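S.K.: Numbers -5 to 139, taken from our numbering, label the letters of the sequence shown in order. Glycine included, C-beta positions come from ideal geometry on N, C-alpha and C. Note that the structure is predicted; figures quoted are calculated from it, not measured.
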Amino acid sequence: DEVVTAGFVIGLSYSAVLAFIYITFRFSLVEMFAPPQGDFSEIRELAAFMMVGLSSYAMADAIIQVTGGVLRGAGDTRWLMYASVSLHWAMLVAQYFIIRVFELGPRVAWLAFVALIFAIAVVFALRLRGDRWRDEKVLEMVMVE
């Protein structure tokens, strides 16, 4: 458990630094991509909005990386595969409806994407918090495979 905690501390600390940079310097970072001529204001505003979501995404991704690594290391690969594939397909279907059916625009699509990344982080964290993956019988079955 100490190693898992250390993984979370390192991952979330690194992500927090990135989040701070993305939020604090979002306009400067976006401005690097501005064309020499033309109106960039609409793109600048949208990209700056998305940088805030990117900050949240980075934090959730740290949780996914640590929990996924621990569960894979314990041999809980089948559950991870099913959960990951299912959640990513759900994300695809949700994005299809948001973009194509309801035409809600890029802000809503981005918010839904970030929310679904958080959902994956929560599902993985709940699996890690539970003890099913630590069960001796499950570990023995994994070793046989």
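If we count the other Cβ atoms within 10 Å of its Cβ and call it buried at 16 or more, is serine 49 buried or exposed?
M.R.: buried
S.K.: Report the residue from Ala56, Val79, Phe112, Met44 whose alpha carbon sits nearest the alpha carbon of valine 102.
M.R.: Of the candidates Ala56, Val79, Phe112, Met44, the one whose C-alpha sits nearest the C-alpha of valine 102 is Met44.
S.K.: When the Cβ atoms of the stretch 46 to 62 are set against those of the stretch 4 to 18, are three or more pairs found closer than 8 Å?
M.R.: yes
S.K.: On the three-state DSSP scale, how would you describe phenylalanine 21?
M.R.: DSSP, read as helix, strand or coil, puts phenylalanine 21 in helix.
S.K.: Can phenylalanine 19 and arginine 38 be called in contact, C-beta distance under 8 Å?
M.R.: no
S.K.: To the nearest angstrom, how far is it from the Cα of arginine 121 to the Cα of aspartate 33?
M.R.: Taking the straight line joining both Cα atoms gives about 48 Å.
S.K.: Whether or not the stretch 104 to 118 and the stretch 126 to 135 are in contact is what I'm after, with contact meaning three or more pairs of Cβ atoms, one per stretch, closer than 8 Å; do they touch?
M.R.: No, the stretch 126 to 135 is not in contact with the stretch 104 to 118.
S.K.: When you compare each of Phe118, Ala68, Ser80 to methionine 137 by their alpha carbons, which one comes out closest?
M.R.: Ala68
S.K.: Just tell me which of Tyr51, Phe112, Val64 has its CA closest to the CA of leucine 81.
M.R.: Phe112
S.K.: Near alanine 42, which residues of its chain fall below 6 Å by C-beta distance, leaving aside the five closest residues on each side in sequence?
M.R.: Arg20, Phe21, Val24
S.K.: Less than 7 Å separating the Cβ of leucine 81 from some heavy atom of the ligand SAM?
M.R.: As presented, the structure is devoid of all ligands, the ligand SAM included, so that no description of it is given.
S.K.: Cα-Cα, which of Ile114, Glu130, Glu134, Arg94 is closest to tyrosine 51?
M.R.: Comparing Cα-Cα distances from tyrosine 51 to each of Ile114, Glu130, Glu134, Arg94, the minimum goes to Ile114.
S.K.: Taking the Cβ atom as the reference point for each residue, do alanine 119 and threonine 61 lie within a distance shorter than 8 Å?
M.R.: In contact: alanine 119 and threonine 61 (Cβ atoms closer than 8 Å).
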